[in-house]
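Notes follow once the structure below has been shown.
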Amino acid sequence: MLIDTHCHLHDPEWFTPDEQRDFLCQAHANTVEKIICIGTNHEDSCKARDFASQHDDVYWTYGIHPEFASSRADFGDIFASVSKLLAANGERAKQEVPITTGNDAAGFEQEKKFRQDPVAIGEIGLDYHYERYSRVDQ
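Take my numbering: the last position of the sequence shown gets the number 289, and nothing is skipped along the way.
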């Protein structure tokens with residue numbers, strides 16, 4: 152099984168709806184079974200969540216790219232939201248969430264509910280490659 156662990160397929164700046172559908176079809180035709188859309192700020196993370204909720208085998212992450220670190224006015228609220236999501240994921244991780252195969256409707260519904268939460272935190276980190284990103288803010 153192949154998993155695309157980093158894409159921005161949900162971002163309308165890069166992909167039209169037709170391109171998104173084509174990409175998903177091509178990915179599955181080439182044995183890519185899971186795709187993870189990476190959020191780069193709060194708004195983009197919500198777009199990744201919404202995109203994942205509408206597509207089978209697509210998951211999402213919550214992230215704040217270093218490029219957006221200086222726009223941290225609402226980080227308190229974001230931290231609270233992320234903390235809540237992490238706690239929910241921690242509880243959910245203790246439960247077995249089946250990976251669906253075939254026509255397992257109950258398993259599919261359980262996995263779909265699970266996918267409403269992020270599968271990871273990222274895109275985050277320190278980006279010292281570009282001088283335009285404030286090291287202090289990061």
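For each residue, glycine too, the CB sits at the ideal point set by N, CA and C.
Whether residue i touches residue j by CB criterion (8 Å)
| i | j | result |
| --- | --- | --- |
| Ala220 | Tyr284 | yes |
| Glu282 | His216 | no |
| Pro163 | Trp211 | no |
According to DSSP, residues forming a beta bridge with residue i
| i | result |
| --- | --- |
| Val183 | Leu153 |
| Val209 | Ile186 |
| Ala220 | None, per the DSSP bridge assignment. |
| Ala271 | Thr212 |
As assigned by DSSP and simplified to three states, the class of residue i
| i | result |
| --- | --- |
| Ala178 | helix |
| Cys158 | strand |
| Glu164 | coil |
Cβ separation of residue i and residue j, assumed to be a contact under 8 Å, to the nearest whole Å
| i | j | result |
| --- | --- | --- |
| Ala180 | Cys188 | Incorrect: roughly 19 Å between the Cβ atoms, too far for contact. |
Other residues of its chain near residue i: CB distance less than 6 Å, five sequence neighbours each side excluded
| i | result |
| --- | --- |
| Val209 | Ile186 and Ala203 |
| Gln289 | Pro217, Ala220 and Leu277 |
| Ile154 | Lys185 |
Beta-carbon proximity list for residue i, same chain, < 8 Å, skipping 5 on both sides
| i | result |
| --- | --- |
| Ala244 | In this prediction, Ala244 has a pLDDT of 49, which is less than 50 and means its spatial position is unreliable; what the coordinates show is noted afterwards. Cβ within range, chain order: n/a, list empty. |
Sequence-distant residues of the same chain with beta carbon closer than 7 Å to residue i, five excluded per side
| i | result |
| --- | --- |
| Gln148 | Outside the displayed span of the chain (152 to 289) sits residue 148, for which this structure offers no information. |
| Gly214 | Ile189, Gly190, Thr191, Ser196, Ile272, Gly273, Glu274 and Ile275 |
| Trp165 | His159 |
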